[in-house]
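A.B. asks: Numbering (my numbering), first residue to last: 2 to 187. Backbone N, C-alpha and C fix where the C-beta goes; we use that ideal spot for every residue, glycine too. Just so we're clear, the structure is a prediction, and the values are computed from it rather than from any experiment.
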Amino acid sequence: MYDRFNRPINYLRISVTDRCNLRCRYCMPEEGIHLLRHEDILTFDEIVNFTKVACANGIAKVKITGGEPLVRKGIVTLVGMIAGIDGIKDLSMTTNGTLLEQFAGDLRNAGLQRINISLDTVDPEKYTFITRKGNLNDVFSGIEAAKKANLVPIKINCVIRDSKSEKDAMEVAEFCRSNGLELRYI
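(1) Any contact between the stretch 110-120 and the stretch 41-58? By contact I mean 3 or more CB pairs, one from each, below 8 Å.
(2) Would you check if the distance between the CB atom of I15 and the CB atom of I48 is smaller than 8 Å?
(3) What three-state label does DSSP hand K156 in the structure shown?
(4) Which word fits G98, buried or exposed, when buried means at least 16 other C-beta atoms lie within 10 angstroms of its C-beta?
(5) Let me check one thing: in DSSP terms, what residues is E183 bridge-paired to?
(6) Does DSSP put M2 in a helix, a strand or coil?
(7) For E102 and M2, I'd like the C-alpha separation in whole angstroms.
(8) Is it the case that the Cβ atoms of D19 and G68 are separated by a distance below 8 Å?
(9) Between the C-alpha atoms of D163 and R24, what's the straight-line distance to the nearest angstrom?
(10) In the DSSP assignment, what are the bridge partners of T96?
(11) Can you tell which of A150, K53 and A170 has its C-alpha closest to the C-alpha of F124?
(12) Take E172 and list the residues in its own chain whose beta-carbon comes closer than 6 Å to its own, dropping the five residues that flank it on each side.
(13) So what's L13 in DSSP terms, helix, strand or just coil?
(14) Can you give the Cα-Cα distance for C21 and P70, rounded to whole angstroms?
(15) Can you tell me the Cα-Cα spacing of G143 and A105, whole angstroms?
As structure tokens, this is what we get:
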């Protein structure tokens, strides 16, 4: 497959849910969003069948996203189903990390290779403010669990929200340096 500039397309992002356990200020209103009805969300079989077709047409890298993919019921099973598709060379997931501690080992065993974690600050109060209800220690525990499960490289996605977030961005950079994590500013 090729894009309109004749560049090969080898990468597929699959959003497995529109739901999230956080309400980040730059992503979702506090009251949430109008969620899709359960029957309007792709089933595991539909996701796998589409991914098989994509892989047969040159897709080699698959990233699972959301919402927050770890709130999708049966996510470990889905990862295993996708990991079993011929042609996938890189299977990763983007998560907010708050639920990762309980899933990391099972995700790795199912075939997930690496993880991206959204982290915009290492200040607990700012984190709770940004996410409206998140606990930064849950993310730190998730990062440690991902390391232990060998979901590497672990990439941190940091959203620079405005000029006031420069200090946060620098502190996240230092955290990544100190913990052997890759950093991407978004």
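C.D. replies: Inspection of the coordinates gives the following:
(1) By the criterion of at least three beta-carbon pairs nearer than 8 Å, the stretch 110-120 is not in contact with the stretch 41-58.
(2) Going by C-beta atoms, I15 is nearer than 8 Å to I48.
(3) Of the three classes helix, strand and coil, the one that applies to K156 here is strand, per DSSP.
(4) Flag for G98 reads buried.
(5) E183 is bridged to K156.
(6) Three-state result, M2: coil.
(7) One C-alpha to the other measures close to 36 Å.
(8) When the beta-carbon positions are compared, D19 and G68 come within less than 8 Å of each other.
(9) Roughly 18 Å between the two C-alpha positions.
(10) The bridge partners DSSP lists for T96 are I118.
(11) The question names Phe, but residue 124 is Asp in the sequence shown. The shortest C-alpha separation from D124 is found at A170.
(12) Answer for E172: V123, listed in chain order.
(13) Strand, per DSSP.
(14) Looking at the two C-alpha atoms, the distance is approximately 8 Å.
(15) Rounded to the nearest angstrom, the gap between the Cα atoms of G143 and A105 is 8 Å.
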